[in-house]
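Trainee: Here the protein sequences line up with chains R and V, keeping their order.
Throughout the first sequence, residue numbering follows the numbering used here, covering 1 to 708 in sequence.
Throughout the second sequence, residue numbering follows the numbering used here, covering 1001 to 1249 in sequence.
Glycine is no exception: its CB is placed at the ideal position from the N, C-alpha and C atoms.
Just so it is clear, the structure is predicted and the values come from calculations on it, not from any experiment.
One structure coming up, written as structure tokens, with questions to follow.
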Amino acid sequence: MRSTHSRCHLRPASTIFWYEVRKLVGNRAFWILLLFLCPLLGYSFVQAIDLFSAASHTAIERSELAGGMTTLDGVLVPTLGAFYLATTLLFPFVAIRALGHEKQTGALKLGVQLPMSETAFVILKLGAICFVWALSLIPAIFAIVLWKCLGGFVSITELANLLLGHALYAVAIASVALFAATVTDSVSSGAIVTLAFTLGFWVLDFAVGSQGGPLAYLASLSPTAVLRECERGWFSLTQIVQTGVLALCFTALAVAWLPSGATNRRKLVSSAIILVASTIIFAAAGDVRFYADLTVDRRNSFNPADEMALRQMKEPLNITIYLSPDDSRLREMESNVLAKVRRIVPSVYIRYGAVPNVGPFGAPEDDRYGLITYEYQSRREESRSNSFREILPILHKLAGVTITPIETPAFVGHPLVADSTPAAWWFYGVLPASILGCWFLTGRLSRSSKPFVPSSSRKRIPQEPIMNKSTKTFLFSAAGLMILPVANLSAADSVTIDLSQEKVGAEPSTFAAAVGKWSIGTAENNKKVLVVDGTKWSSGQTSAGLADKARALYGERYAEFLDNVTAYAYFPIAILKSIDDFREGEISLRFEGVSGRIDQAAGIIFNVKPNGDYLILRANCLENNLVLFKYEHGKRSQVKWTRNTPTPSRQWHDLKLEVSGKHVKGYLDNRLYVEHDLPSPVSGKIGVWSKADSVMYFDDYRVVKNAP
Amino acid sequence: MAAPVETLSFPLLEVENLSKCFGDSAALTSISFSVREKEIVGVIGPNGSGKTTLLECIAGLLHPDSGMIAWQKRAVLRSQRKKYLFYLPDGIFPDGEQSVRTILKFYGDVFAVKAAQVQEILSQLSLEKVLAKPAFALSKGYRKRLLLATALICPRPLLIFDEPFDGLDLLQTLDVMNLLRSTAQSGRTLVVSIHQLRDAERFCDRLLLLSNGCVLGFGSLNELREVSGFAGASLEELFLALNSQQMSP
């Protein structure tokens, strides 16, 4: 009985929801929003690719810079920044129609008589607006898919958190639009009121946020500020709850002010109750202290040892800062130190000492300017540094503890040199044309379908669904397009080999060292790496001499000669234990050539069969070439060979293999050099490979398995 | 004059001493009347007499300053009225970009009405020719019929129409009158505001005559003739006589 009753309530709800979606999607404002988004988002994306590629060139040459190359900062945030602009300036014109148009035409008088409560009616409209906003993400989703196709790295957690920030911002705008529609008489007036809110958030964020005072506090609570936190890769349950409360508050106000017969006095009383209740919940949400740093480089966190020590500071920590609110040092300190300290230290009070006004050309004369004092348990320290490297030891000293940092893996970054031309074509040409086509077809089909039913006919009304065929096609295609990349990312089985728990000097636990001496070592920065050591290869006693002779005989191509000398057919191999059958996807690693007179070879071995046959994609620091080899029946032979691939020794390089059925691609330092179609699809074990007297470092072994 | 209604047992809807002011202007002053099951009550009056205000107060879209509205002898809250009645305002535009078919399908689905019934209603209102047209492209007459169809699809026992014949030509008006009459005979009750007195005279069972927000009279045409003492007078003559009686000191 209960389920039947529920269905009775769900049916009108579902009908009304899809009807609202249909009305919003059928309106030109939605299509104009999509069309504007193409060049807007496309330009941001193309610029992001170009800038990221330019920076990656340097980062690839100087590996210590690679740690700064993150997709979040380099691509996702700037690209979705254009989406933020569209949500701020254009989305209100879409959202306002959900209620404003009905109010303007009088149809709202029919709407409030539908068989459901006014609250449910407004919530369904809010849901429909949010759904349509999600559809407008299509260009952004395409950008992310394109980035993946170009070989870029995308972290699901970073992406999800960023989209959450944008979604919260959109929900807040949608709820404001609903409220604006109820208190104004026309769509245009409602849109202006909504724009006033969205631009107000914007102004608060840009103009007032750095000024300090109550307005700065207000700015920190605005949906724009929540979005900014998500852009930093920071997940804060407090801010999410607070934005939710803000959206609920405006939605409740929209219900209260719906023209449904209540007196103005009652509306005012309801509004007062809603505002008071929202304020209480909003303030209470401030005590919810659940945070997560979702960035791959852990930028929002201190070292775990530091964080543990800071959490133990139970007494009030007083920090007094003598810096002007618009001083860049303060802003830097705020994001790098104070924001983290506030979240970690249970009781922290930050005060801003009085500072003299600073003229545009003059420095402040007060000696205290720039000083930061720290007080804890009647102990006091001073500093002028805004760096956590200096501030954290001060805090530990005040707390009377000594910290030994916990070793954490260094972030190596995801530099990528990519060509933005396909993205430009897509966003400036193909996608806008496709959207125009969809718009045209949607309008045409909805008007041309089943135009006439004879009046004499006693047939039942043609069963046209709430969404016509074209709208349904569009919605399902859009939903599919949105799900596709997410499904693609989630369906991919990603394995990253973590060497941080391995024991230095021992054989790796994650690889089976089948041939040669493989062990865990440490690179220059004390980071644990996989090492192949060919110096103990006994068969190579005479190799160095032969190599010299070969060089004399063949010049720069001496190594090719050596490759065909059977005596040098010594190939250290380590097989990855965790993957039995790799068929589709990509395998990547980083390597550094340390030494080796005959060879400094690093390879990805794949398609390893039980009989010992295999394929390898290998680079060589002495040969500067990238080669796809096959090893069959105990004999190695080349499949595809590309020369002039700069691979200097004593530098880290990226090696990547992409497999799609029979098609394989080989990349060195993110540049495609080898492409080949094999006679049969790839299937077998995988691992790392080297040759002869090579001493090589391997790191960041990563496998992404796609479903074939 | 319409044929007498057979089942007139007890008041379905009662309005008692309903008053409504907009600022200093009194739109309705102590309006009282009742509606019996299956009858058609016409709310008659010139422009500005308070017809729409009265209907919106009954429908719950406006809050009266005083008075009570009862359904089957029980006071009914504003939020409960959508259980019993559906009000079709005048001068509204349906969802413009949607086709007639989509709009009717939506109302059929949302009120869980069978497609055959929806088909019946749209046939009676001759809407088949415009099923694929978007609502904004309809003529005034078709738009009115589309709105009437949405109200008739709603299965609630009391239907309230504000100027249902406005925008219809003579033949269309007669067709719609017949349709509404058969709707009442099939068990539903109608309250209809009409400013065309001839239409009201031939269509309504009882009449509520309004002028300047006050009741001039309420009853059948014969009852109004008796009260006013104008035997054989037309509704127009009665209205003018009652109105002049009220205006005289």
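Short of 6 Å in beta carbon distance, which residues of its chain neighbour residue 629 of chain R, apart from the five on each side in sequence? Order them along the chain.
Mentor: 616, 636, 638
Trainee: What does residue 1042 of chain V pair with, by DSSP beta-bridge criteria?
Mentor: V:1192, V:1207
Trainee: Helix, strand or coil: how does DSSP classify residue 257 of chain R here?
Mentor: coil
Trainee: Checking 8 Å against the spacing of the C-beta atoms, do residue 370 of chain R and residue 436 of chain R come in under that value?
Mentor: no
Trainee: I want to see whether chain R comes within less than 8 Å of residue 1020 of chain V, judged by CB atoms only; does it?
Mentor: no
Trainee: Is it true that the CB of residue 227 of chain R sits closer than 8 Å to the CB of residue 152 of chain R?
Mentor: no
Trainee: Can a CB atom of chain R be found closer than 8 Å to the CB of residue 1172 of chain V?
Mentor: Chain R contact via Cβ: absent.
Trainee: Quick one: using the 10 Å Cβ neighbour count with 16 as the cut-off for buried, is residue 535 of chain R buried or exposed?
Mentor: Burial call: exposed.
Trainee: What in chain V is Cβ-close to residue 23 of chain R, meaning under 8 Å?
Mentor: The contacting residues are 1095, 1097, 1098.
Trainee: Can you look up residue 612 of chain R in the DSSP assignment and give me helix, strand or coil?
Mentor: Residue 612 of chain R: coil per DSSP, three-state reduction.
Trainee: Kindly indicate if chain R contains any beta-carbon less than 8 Å away from that of residue 1053 of chain V.
Mentor: no
Trainee: So, using beta-carbon positions, are residue 304 of chain R and residue 406 of chain R closer together than 8 Å?
Mentor: Yes.
Trainee: Only counting runs of 4 or more residues, tell me where the alpha helix (DSSP H) segments fall wholly within the stretch 302 to 354 of chain R, in order along the chain.
Mentor: 304 to 311, 328 to 333, 339 to 344
Trainee: Which of the three DSSP states, helix, strand or coil, is assigned to residue 455 of chain R?
Mentor: Residue placement at residue 455 of chain R cannot be trusted, given a pLDDT of 34 that sits under 50; what the coordinates show is reported in the next sentence. If DSSP states are grouped into helix, strand and coil, residue 455 of chain R belongs with coil.
Trainee: Kindly indicate which residue of R:92, R:286, R:84 has the alpha-carbon position closest to the one of residue 137 of chain R.
Mentor: Ranked by Cα distance from residue 137 of chain R, the options R:92, R:286, R:84 are led by R:84.
Trainee: Give me the subset of the stretch 233 to 265 of chain R whose CB atoms are less than 8 Å from a CB atom of chain V, sorted by chain position.
Mentor: 259, 260, 261, 262, 263
Trainee: Determine the contact status of residue 257 of chain R and residue 183 of chain R, defining contact as a CB-CB distance below 8 Å.
Mentor: yes
Trainee: Against residue 1026 of chain V, what residues of chain R qualify as contacts under a CB-to-CB distance less than 9 Å, listed in chain order?
Mentor: Going along chain R, no residue has its Cβ under 9 Å from residue 1026 of chain V, so there is no contact; the nearest lies around 17 Å.
Trainee: Less than 8 Å between the beta carbons of residue 627 of chain R and residue 618 of chain R, yes or no?
Mentor: yes
Trainee: Please check the pair residue 106 of chain R and residue 1092 of chain V, which I expect to be a contact at CB under 8 Å, by giving their CB distance rounded to whole angstroms.
Mentor: 3 Å
Trainee: Cutting at 6 Å between CB atoms, please list the residues of its own chain near residue 645 of chain R, excluding the five before and the five after it.
Mentor: 624, 625, 626, 668, 673
Trainee: Along the stretch 1054 to 1068 of chain V, what residues have a CB closer than 7 Å to any CB found in chain R?
Mentor: 1060, 1061, 1062, 1063
Trainee: Do the stretch 168 to 175 of chain R and the stretch 90 to 101 of chain R meet, that is, are 3 or more Cβ pairs less than 8 Å apart?
Mentor: With contact defined as three or more Cβ pairs closer than 8 Å, the stretch 168 to 175 of chain R and the stretch 90 to 101 of chain R are in contact.
Trainee: Could one say the Cβ of residue 1078 of chain V lies closer than 8 Å to chain R's Cβ atoms, at least one of them?
Mentor: yes
Trainee: Where does residue 593 of chain R land, buried or exposed, given buried means 16+ other C-beta within 10 angstroms?
Mentor: buried
Trainee: Taking CB distances under 8 Å as the criterion, tell me whether residue 231 of chain R reaches chain V.
Mentor: no
Trainee: Among V:1160, V:1125, V:1133, V:1187, which has the Cα closest to the Cα of residue 1174 of chain V?
Mentor: V:1125
Trainee: Taking Cβ positions, are residue 1111 of chain V and residue 1154 of chain V nearer each other than 8 Å?
Mentor: yes
Trainee: Under 9 Å between beta-carbons, which chain R residues line up against residue 1075 of chain V? List them in chain order, please.
Mentor: Simply none; closest approach about 15 Å.
Trainee: So, using beta-carbon positions, are residue 13 of chain R and residue 44 of chain R closer together than 8 Å?
Mentor: no
Trainee: Along the stretch 318 to 329 of chain R, where does the CB come closer than 9 Å to a CB of chain V? Name the residues.
Mentor: none
Trainee: Using a Cβ-Cβ cutoff of less than 6 Å, which residues in the same chain neighbour residue 291 of chain R once the five nearest sequence positions on both sides are dropped?
Mentor: 236, 343
Trainee: Name the residues in the stretch 1124 to 1153 of chain V whose C-beta lies less than 8 Å from a C-beta of chain R; which are they?
Mentor: 1126, 1128, 1129, 1131, 1132, 1133, 1134, 1150
Trainee: Could you tell me whether the Cβ of residue 11 of chain R comes closer than 8 Å to any Cβ of chain V?
Mentor: Closer than 8 Å to some Cβ of chain V, the Cβ of residue 11 of chain R qualifies, so yes.
Trainee: Secondary structure at residue 686 of chain R, three-state DSSP: helix, strand or coil?
Mentor: strand
Trainee: Using the DSSP secondary-structure output, state which residues sit across from residue 676 of chain R in a beta bridge.
Mentor: R:664
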